[in-house]
Amino acid sequence: MIQKNNPVIPIVDSSKFSKNQRPKSALKGRQADEVSLKEVRLLIPESQYRRDLLIENLHVINDFYKGLRDTHLVALAKLMNIAMAEVYEVASFYHHFEILRDDASAPTTTIRVCNSVSCELAGSHALHQELTKFFTDPKVRIVNVPCIGRCEQAPAAYINQYPVAQASVSLIKQNFIEHCSSHPQASSTANFNPCDFLEKSIPSNPQIIAPEYCGYQTYTEKAGYELLKKIVAHLITPEQAIKVMADSGLRGLGGAGFLAGKKWQIVKDFSGSKNLAVNIDEGEPGTFKDRTYLERDPHRFLEGMFIAAHVVNIDTCYIYLRDEYHGCRAILEKEIALLTANPPCQLPRIELRRGAGAYICGEESAMIESIEGKRGEPRLRPPYIAQVGLFGLPTLEHNFETLYWVRDILERGPEWFSSFGRNGRKGLRSFSVSGRVCNPGVKLAPAGITVQELIDEYCGGMLPGHHLYAYLPGGASGGILPATMNQIPLDFDTLQKYGCFIGSAAVIILGHQDRARDSALNVMRFFEHESCGQCTPCRVGTAKAAQLMSHAQWDHNTLKDLSQVMADASICGLGQAAPNPIRCVQQFFPHEVS
Numbered sequence: 078m079i080q081k082n083n084p085v086i087p088i089v090d091s092s093k094f095s096k097n098q099r100p101k102s103a104l105k106g107r108q109a110d111e112v113s114l115k116e117v118r119l120l121i122p123e124s125q126y127r128r129d130l131l132i133e134n135l136h137v138i139n140d141f142y143k144g145l146r147d148t149h150l151v152a153l154a155k156l157m158n159i160a161m162a163e164v165y166e167v168a169s170f171y172h173h174f175e176i177l178r179d180d181a182s183a184p185t186t187t188i189r190v191c192n193s194v195s196c197e198l199a200g201s202h203a204l205h206q207e208l209t210k211f212f213t214d215p216k217v218r219i220v221n222v223p224c225i226g227r228c229e230q231a232p233a234a235y236i237n238q239y240p241v242a243q244a245s246v247s248l249i250k251q252n253f254i255e256h257c258s259s260h261p262q263a264s265s266t267a268n269f270n271p272c273d274f275l276e277k278s279i280p281s282n283p284q285i286i287a288p289e290y291c292g293y294q295t296y297t298e299k300a301g302y303e304l305l306k307k308i309v310a311h312l313i314t315p316e317q318a319i320k321v322m323a324d325s326g327l328r329g330l331g332g333a334g335f336l337a338g339k340k341w342q343i344v345k346d347f348s349g350s351k352n353l354a355v356n357i358d359e360g361e362p363g364t365f366k367d368r369t370y371l372e373r374d375p376h377r378f379l380e381g382m383f384i385a386a387h388v389v390n391i392d393t394c395y396i397y398l399r400d401e402y403h404g405c406r407a408i409l410e411k412e413i414a415l416l417t418a419n420p421p422c423q424l425p426r427i428e429l430r431r432g433a434g435a436y437i438c439g440e441e442s443a444m445i446e447s448i449e450g451k452r453g454e455p456r457l458r459p460p461y462i463a464q465v466g467l468f469g470l471p472t473l474e475h476n477f478e479t480l481y482w483v484r485d486i487l488e489r490g491p492e493w494f495s496s497f498g499r500n501g502r503k504g505l506r507s508f509s510v511s512g513r514v515c516n517p518g519v520k521l522a523p524a525g526i527t528v529q530e531l532i533d534e535y536c537g538g539m540l541p542g543h544h545l546y547a548y549l550p551g552g553a554s555g556g557i558l559p560a561t562m563n564q565i566p567l568d569f570d571t572l573q574k575y576g577c578f579i580g581s582a583a584v585i586i587l588g589h590q591d592r593a594r595d596s597a598l599n600v601m602r603f604f605e606h607e608s609c610g611q612c613t614p615c616r617v618g619t620a621k622a623a624q625l626m627s628h629a630q631w632d633h634n635t636l637k638d639l640s641q642v643m644a645d646a647s648i649c650g651l652g653q654a655a656p657n658p659i660r661c662v663q664q665f666f667p668h669e670v671s
């Protein structure tokens, strides 16, 4: 029993404790100064201090000051009520954020030269060296960067945010002198319909950086959003829409190939709030189809997105756009503003999010993390994002092109889409073709077409002085096949037995003067650069593989062991697919490495 009159003996003398307490002016860690706080407040309103907007806020500061100073990072952390370590770990994860320490000055101009396979074939390595010799001013920085999504314009470069197609020293010098640093604005008066180019090439001119596109007014004059109105009015029920999508056989056109109708049904069956996330990161080397359509026809995609959202009963749509697509971002910002100011019907909430230079964010769960304002690191599954996705809610995730075809499939019927195809395959595929061909670009061709048919019928043949030696059927991840295997139908499920896959349908053509091993090393260095670093097999495996592949004679046994570990133990598809080029070279091009 406790005695009431027993004296209370304090363990700590509170008076001494208060005297020893550190005053606010001497708190541990770096504190935000008033000047930096004021500068950040002027750029970012208080309404933007949500945790998931961290990457957007970092972009605002990075764009204005050409970099992220330590003082601004501390100020942003204080204003957003986030730990400084958390802000720094996010900022340092993404390649497009330039962290400036102490009094370091940011370059006023950054010239980025793409070093992907297509651009390397077109001479980007020599271009980079020549630019480094020409631009000696320390305020001008020349950097090699991974694929920038302009492979049909190889070699491609950027002067700050201004794209340079078929770049040369003289052309870059001219644009630099003319102070070209922002993406030019595009006119919105064109009338573009992809069905005018069925089984044809999508017209493009590398000299036109900002092609005309179909704006809101023109799109609505051509019956745009009429289908959405019917679905909102229940003239077409969600069940009917899902059945049409399922019967069409449309699969995810970002690379995974999951049936779109089935995905809609899975997410629709969940109750409560749900989200839709659109992946337009398009970072797979060799891929540029999404940019090509988005630059010309944004509302067809937006209508498809709204239809999917209504059918699945979704509250908010998040569009994740790769940072290099500055022109596309301006188009979407303008057209979404026009759309929301004068909506054709009730629309879900739309948020446009900007990537920051991380290939891994093309992986669906890494993209979800990035939209939430975090490092783009893939999640372990299960649970799948259809169950627990963006902000913990069931999430319908789609690639841009998958949604782009929704309107035409629902209007024309499932038989229309499935009527295309060759060699027993069904549907349409937008092939991004680059490399040693006369007419690179996006080819809207039947599924199951062969690479030889693509070259002969759509690309005007091989470049003069080149004949087909090898090809990458699915970008960096899809492996490499020899010219003797030029009659394989290109589609989902047709290439796996050869150690390859079609992925995003990025086809890169190599000529007889090229070597498959060089392309394999190029993509392995890309994977090394773009590994998120979360899992050891991918982080260490890609670096070690690139080192071994640079030797004149390959250590086949070690590379085979390394490939097996990466494929079996990596968390996501990046590390699992990274060994594909190694295995293809060992199997189909052994003479190059022995």
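Here this note's numbering is used: the first residue of the sequence shown is 78, the next is one more, and so on.
C-beta atoms are modelled at their ideal positions from N, C-alpha and C, and glycine is treated no differently.
Check: Per DSSP, cross-strand counterpart(s) of P523; Outcome: L505
Check: Residues of its chain near H668, where Cβ-Cβ distance is below 8 Å and the 5 sequence neighbours each way are ignored; Outcome: none
Check: Where N419 falls, given that 16 or more other Cβ within 10 Å makes a residue buried; Outcome: exposed
Check: Same chain only: Cβ atoms within 6 Å of I79, ignoring 5 sequence neighbours per side; Outcome: Confidence at I79 is low in this model, with a pLDDT of 48, below 50, so its placement is unreliable and the value that follows should be read with caution. Closer than 6 Å at the Cβ level, and outside the excluded window around I79, lies no residue.
Check: Where E605 sits in the DSSP three-state scheme; Outcome: helix
Check: Nearest residue (CA-CA) to L398, options F477, L457, E123 and N390; Outcome: F477
Check: Residue span of the beta strand (DSSP E) that contains P614, given as start and end; Outcome: No beta strand (DSSP E) holds P614; the alpha helix (DSSP H) holding it covers T613 to M626.
Check: Residues that V241 bridges to, as DSSP identifies them; Outcome: A234
Check: Nearest neighbour of T479, chosen from K366, E372, N252 and I343 [CA to CA]; Outcome: K366
Check: 6 Å Cβ shell around V672 - same chain, five flanking residues per side excluded; Outcome: Past the boundaries of the shown model lies residue 672; the chain is included only from 78 to 671, so the question cannot be answered.
Check: Residue-level contact to chain C via CB, L505, 8 Å cutoff; Outcome: In the structure shown, chain C cannot be found, because there is only a single protein chain.
Check: Stretch-stretch touch, CB-based, cutoff 8 Å, three pairs: the stretch 347-354 with the stretch 383-395; Outcome: yes
Check: Simplified DSSP assignment, three categories, for V514; Outcome: strand
Check: DSSP three-state assignment for T364, whether helix, strand or coil; Outcome: coil
Check: The alpha helix (DSSP H) enclosing I586, as first and last residue numbers; Outcome: No alpha helix (DSSP H) holds I586; the beta strand (DSSP E) holding it covers A583 to G588.
Check: L153, buried or exposed, once every other Cβ within 10 Å from all chains shown has been counted against 16; Outcome: buried
Check: Pair within 8 Å by beta-carbon distance, V151 and R107; Outcome: yes
Check: Bridge-paired residues (DSSP) for Y397; Outcome: N356 and R430
Check: Cut-off 8 Å between Cβ atoms - residues of its own chain near I319, not counting five sequence neighbours on either side; Outcome: G338, W341, Q342, K345 and V388
Check: Distance, W631 Cα to Y481 Cα; Outcome: 44 Å
Check: C-beta contact flag for V514 and I586 at 8 Å; Outcome: yes
Check: Span separating the alpha-carbon of I286 from that of S247; Outcome: 17 Å
Check: Exposure label - L275; buried when at least 16 CB within 10 Å; Outcome: exposed
Check: Buried versus exposed, by CB contacts within 10 Å (16 or more), R178; Outcome: exposed
Check: Which of helix, strand or coil DSSP assigns to N390; Outcome: coil
Check: Host alpha helix (DSSP H) of C661 (start-end); Outcome: N657 to F665
Check: DSSP state of R127 mapped onto helix, strand, coil; Outcome: coil
Check: Touch test, the stretch 191-208 against the stretch 162-181, Cβ-Cβ under 8 Å, three pairs minimum; Outcome: no
Check: Collapsed DSSP secondary structure at T571 in the structure displayed; Outcome: coil
Check: Own chain, CB closer than 7 Å to F174, minus 5 neighbours either side, in chain order; Outcome: L135, N139, L145, A168 and A433
Check: For L572 and T635, the rounded distance between their alpha carbons; Outcome: 26 Å
Check: Supposed contact pair V584 and P658 - C-beta distance, whole angstroms, cut 8 Å; Outcome: The pair is not a contact, with the Cβ atoms about 15 Å apart (cut-off 8 Å).
Check: Element boundaries [beta strand (DSSP E), containing I219]; Outcome: V217 to V222
Check: Sheet register partners of P471 (DSSP bridge); Outcome: Looking at the DSSP assignment, P471 forms no beta bridge with any residue, so it has no partner.
Check: Three-state secondary structure (DSSP) of I225; Outcome: coil
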